[in-house]
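**Q** One structure, pasted below without further comment.
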Ligand SMILES: Nc1ncnc2c1ncn2[C@@H]1O[C@H](COP(=O)(O)OP(=O)(O)O)[C@@H](O)[C@H]1O
Ligand SMILES: [Mg+2]
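Numbering (the numbering used here), first residue to last: 499 to 884.
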C-alpha cells in the first residue's frame with residue numbers, strides 16, 4: 499500500500515477532504531464582510547462527531563484571509579461561573595494583544611512593511627455610556643479588556659477580533675454566558691469590530707436564550723448535521739485522490755447505508771477499510787473487505803466513541819442511561835424511563851438532569867431527551883446483549 503492512511507477519525511481532526519460545508523463557510527465569509535455594521539455572531543450547534551470543531555477551524559482560516567484576528571478556547575466545567583469567565587476571557591484577550599504586538603515587532607525587525615495603522619473611531623468612554631445603568635463592574639471591566647484588544651488589532655492593520663468558544667454547552671449557569679454576551683453586544687452597539695462564535699451541543703441554543711433574552715436575534719444559528727447523500731459519498735471517496743487506491747461503488751453504497759452521513763463515522767469506516775487493505779496488501783477497497791472489518795469497526799466505535807461516555811457517569815446514572823436503551827426511541831420520553839426503571843420518579847428526574855449535565859443526553863423539551871451522539875440507542879441495545 500502506498501502512503502499513509504488518509505482518513506482522520508478523531509476529535510477536531512481536520513479531514514483531508516472537507517465535505518458539504520461550503521454553504522456554512524460562504525455564510526461566515528459574507529457575515530464578516532458586513533461586520534461590524536452588522537455584528538457577525540454565530541452559534542454553531544450539533545451532535546458529537548458532526549464536525550463542529552472542524553468547522554470552527556475553517557472559520558479561523560477564513561477569518562485570517564479576511565484580515566480578522568481570532569482566538570479559540572475550549573470551555574470546561576470549571577469555567578462555569580461569571581467570575582471565572584471574566585478572568586478567562588480577560589486572560590485570553592491579554593494574550594492575544596501581546597501576540598499581535600509581537601508579530602508586528604517581528605515584521606519590523608525583518609524589514610517587512612508595517613501594515614497601515616488605523617485607529618478605532620470610538621473611544622471606550624463612549625462605549626461606557628452605552629452600558630445600561632444596571633450593568634455591573636464585571637461587565638464593564640470585561641468590555642474594556644476586549645475593547646483594548648480590538649484597538650490593538652485595528653492599530654496593527656487588522657479588521658477586528660473574533661472570539662470563539664467551543665463546548666460552550668458546559669456553561670450551565672446563565673450568568674457565565676451573560677457576562678460574555680453582555681460585554682460583546684455592548685461593544686457591537688458602538689460598532690467596535692468584535693465577533694463572538696459559540697459552539698456546542700444542541701442544548702446550547704436554550705442556554706443562550708436563558709442567559710439573555712435578546713441573544714435570539716444576536717446570533718446566526720448554524721445547525722451542523724450529518725452530510726447529505728452526495729457529500730457523504732465524497733467524504734469517503736475523495737481522501738483517496740492521489741493515493742493510488744480505489745474504492746468500489748457498491749462498497750460506498752454499503753458504507754452509506756450504515757453511517758447515516760455522520761462525518762466521524764465516514765472517517766472511522768474509511769480508516770478501518772484502509773487498514774484492512776493495507777494488511778491484505780491490496781490497492782482496491784471492495785465489499786469483501788467490509789465483511790472482514792465490520793466487527794472491528796463496531797468494536798472500535800463502542801470502545802472509542804460510546805463506552806467512554808457511559809464511563810463518565812456514576813453507577814446510578816449508568817443504570818438510568820441503560821434503561822433508556824430499553825425504551826421506545828426517538829425521542830427518550832422520561833415517563834417511559836420511569837416505567838422501565840425501579841427507581842423513583844424524583845430520582846430519575848434528578849439523574850436524567852445529571853446525565854444531561856455530563857453531556858451524554860440533552861433535553862429536547864419538557865419530559866423529552868435525546869442522546870448527544872448519533873447511534874447511541876442502538877449501541878445501548880448492543881451493549882445489553884453482550
Ligand atoms: N465536513 C466534513 N467532511 C468530512 N469529515 C469531517 C467533516 N467534518 C468533520 N469531519 C470528521 O468528523 C470527525 C468529528 O469532527 P469534530 O469537528 O471533532 O466533530 P464535533 O466537534 O462536532 O464533535 C473528525 O474525524 C473529522 O475529521
Ligand atoms: Mg468538537
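Think of the CB as a built atom: it goes at the ideal place given N, C-alpha and C, for glycine as much as any other residue.
Owing to the predicted nature of the structure, the values given are computational and were not obtained by experimental measurement.
What residues sit near ligand 1, counting only those whose C-beta is closer than 6 Å to one of its heavy atoms, in chain order?
**A** Per the Cβ criterion, the list is 506, 507, 508, 509, 510, 511, 513, 516, 517, 518, 519, 544, 546, 547, 548, 549, 550, 551, 552, 733, 761, 762, 764, 765.
**Q** Rounded to the nearest angstrom, what separates residue 477 and residue 521 at their Cα positions?
**A** Summary: the structure shown does not reach residue 477, with the chain confined to residues 499 through 884, and so no result is reported for it.
**Q** Is the region 784-792 touching the region 766-775, taking contact as three or more C-beta pairs under 8 Å?
**A** Cβ pair count under 8 Å is three or more, so yes.
**Q** Provide the residue span of the beta strand (DSSP E) that contains residue 694, from first to last.
**A** Against the chain shown, residue 694 aligns to sequence position 196. Unbroken beta strand (DSSP E) run through residue 694: 692-698.
**Q** Indicate the three-state DSSP secondary structure (helix, strand or coil) for residue 542 in the structure shown.
**A** Locating residue 542 in the chain shown gives position 44, counting from the first residue. In the structure shown, residue 542 sits in a strand (DSSP, three-state: E or B).
**Q** Within the chosen definition, does the region 530-540 reach the region 684-697 through at least 3 CB pairs nearer than 8 Å?
**A** Contact holds: three or more Cβ-Cβ distances are below 8 Å.
**Q** Could you check the C-alpha separation between residue 704 and residue 864 for me, to the nearest Å?
**A** Taking the chain shown and counting its residues from 1, the one referred to as residue 704 is at position 206. Taking the chain shown and counting its residues from 1, the one referred to as residue 864 is at position 366. The alpha-carbon atoms of residue 704 and residue 864 are separated by roughly 12 Å.
**Q** Within 10 angstroms of the Cβ of residue 826, are there 16 or more other Cβ atoms? Answer buried if so, exposed if not.
**A** Along the chain shown, one-based indexing puts residue 826 at 328. Residue 826 comes out exposed.
**Q** Pull up the DSSP beta-bridge partners for residue 721, would you.
**A** Within the chain shown, numbered from 1, the residue matching residue 721 stands at position 223. BP columns for residue 721 point to 543.
**Q** Would you say residue 870 and residue 546 are within 8 Å of each other, going by their C-beta atoms?
**A** Here residue 870 refers to the residue found at position 372 of the chain shown. Here residue 546 refers to the residue found at position 48 of the chain shown. It is a contact, given that the beta carbons lie within the stated cut-off.
**Q** Going by C-alpha to C-alpha distance, which of 651, 693, 763 sits closest to residue 592?
**A** Numbered from its first residue, the chain shown carries residue 592 at position 94. It is 651 whose Cα lies nearest to the Cα of residue 592.
**Q** Sort 643, 530, 550, 505 by Cα distance to residue 720 and report the nearest one.
**A** Mapped onto the chain shown, residue 720 falls at position 222. Among 643, 530, 550, 505, the Cα nearest to that of residue 720 belongs to 550.
**Q** State yes or no: is the C-beta of residue 624 within less than 8 Å of the C-beta of residue 688?
**A** Taking the first residue of the chain shown as position 1, residue 624 is located at position 126. Taking the first residue of the chain shown as position 1, residue 688 is located at position 190. In this structure, residue 688 lies closer than 8 Å to residue 624 by Cβ.
**Q** In whole angstroms, what is the alpha-carbon distance linking residue 738 and residue 725?
**A** The residue you call residue 738 lines up with position 240 of the chain shown. The residue you call residue 725 lines up with position 227 of the chain shown. In a straight line, the C-alpha of residue 738 is about 18 Å away from that of residue 725.
**Q** Counting pairs of Cβ atoms below 8 Å between the region 728-735 and the region 759-766, do you hit three or more?
**A** As far as the Cβ criterion goes, the region 728-735 touches the region 759-766, which means the pair count is three or higher.
**Q** Determine which residues share a DSSP beta bridge with residue 830 and list them.
**A** Residue numbering aside, residue 830 sits at position 332 when the chain shown is read from its first letter. Residue 830 pairs with 867.
**Q** Using three-state DSSP, classify residue 619 as helix, strand or coil.
**A** Against the chain shown, residue 619 aligns to sequence position 121. Coil.
**Q** Do three or more CB pairs link the region 674-694 to the region 629-646 at distances below 8 Å?
**A** Cβ pair count under 8 Å is three or more, so yes.
**Q** What would DSSP say about residue 887, mapped onto helix, strand or coil?
**A** Limits of the chain in this structure are 499 at one end and 884 at the other, which puts residue 887 out of reach.
**Q** Sorted by chain position, which residues of the same chain lie with C-beta nearer than 8 Å to residue 770's C-beta, five sequence neighbours on each side aside?
**A** The residue labelled residue 770 in the question sits at position 272 within the chain shown. Within the same chain, residue 770 has close Cβ partners 791, 794, 795, 798.
**Q** Going by DSSP, what residue range makes up the beta strand (DSSP E) through residue 661?
**A** Position 163 of the chain shown, counted from the first residue, corresponds to residue 661. First-last of the beta strand (DSSP E) with residue 661: 658-664.
**Q** Quick check: is any heavy atom of ligand 2 less than 7 Å from the C-beta of residue 664?
**A** Residue mapping note: residue 664 aligns to position 166 of the chain shown, counting from 1. Within the cutoff, so yes.
**Q** With residue 728 as the anchor, note down where its alpha helix (DSSP H) starts and where it stops.
**A** Here residue 728 refers to the residue found at position 230 of the chain shown. Segment 727-735, the alpha helix (DSSP H) holding residue 728.
**Q** For residue 743, which residues from the same chain have a beta carbon less than 6 Å from its beta carbon, with the 5 sequence-adjacent residues on both sides left out?
**A** Within the chain shown, numbered from 1, the residue matching residue 743 stands at position 245. Result list for residue 743: 781, in chain order.
**Q** Would you mind working out which of 821, 608, 845, 859 sits nearest residue 881, comparing C-alpha positions?
**A** Counting from 1 along the chain shown, the entry for residue 881 is found at position 383. The residue with the shortest Cα to Cα distance from residue 881 is 821.
**Q** Let me know the secondary structure DSSP gives residue 560 once reduced to three states.
**A** Taking the first residue of the chain shown as position 1, residue 560 is located at position 62. In the structure shown, residue 560 sits in a helix (DSSP, three-state: H, G or I).
**Q** Quick one: residues in its chain with C-beta nearer than 6 Å to the C-beta of residue 506, no 5 flanking neighbours on either side, listed in chain order?
**A** For this step, residue 506 is matched to residue 8 along the chain shown. Same-chain partners within the cutoff: 513, 765.
**Q** Mapping DSSP to helix, strand and coil, what is residue 577?
**A** By 1-based counting over the chain shown, the position of residue 577 is 79. In this structure, residue 577 counts as helix in the three-state DSSP scheme.
**Q** Just reading off the beta strand (DSSP E) that residue 812 is part of, what are its end residues?
**A** Residue numbering aside, residue 812 sits at position 314 when the chain shown is read from its first letter. Looking at the DSSP string, residue 812 is not in any beta strand (DSSP E), and its letter there is neither H nor E.
**Q** Using three-state DSSP, classify residue 668 as helix, strand or coil.
**A** Along the chain shown, read from residue 1 onward, the residue named residue 668 stands at position 170. Residue state, collapsed to three classes: helix.
**Q** Measuring only the C-alpha atoms, how far is residue 779 from residue 804?
**A** By 1-based counting over the chain shown, the position of residue 779 is 281. By 1-based counting over the chain shown, the position of residue 804 is 306. Rounded to the nearest angstrom, the two C-alpha atoms are 31 Å apart.
**Q** Could you tell me which residues DSSP puts in a beta bridge with residue 745?
**A** On the chain shown, position 247 is the one that residue 745 refers to. According to DSSP, which records beta bridges pairwise, residue 745 is partnered with 783.
**Q** Please work out which residues of its chain come closer than 6 Å, Cβ to Cβ, to residue 665, disregarding the five sequence neighbours upstream and downstream, and give them in chain order.
**A** Here residue 665 refers to the residue found at position 167 when the chain shown is read from its first residue. Counting only Cβ-Cβ distances below 6 Å, and skipping sequence neighbours, we find 572, 573, 698.
**Q** Whole angstroms are fine: how far does the CA of residue 873 sit from the CA of residue 627?
**A** Residue 627 sits at position 129 when you count from the first residue of the chain shown. Residue 873 sits at position 375 when you count from the first residue of the chain shown. Those two C-alpha atoms are separated by around 51 Å.
**Q** Looking only at DSSP bridge pairs, what is residue 572 linked to?
**A** Mapped onto the chain shown, residue 572 falls at position 74. Looking at the DSSP assignment, residue 572 forms a beta bridge with 664.
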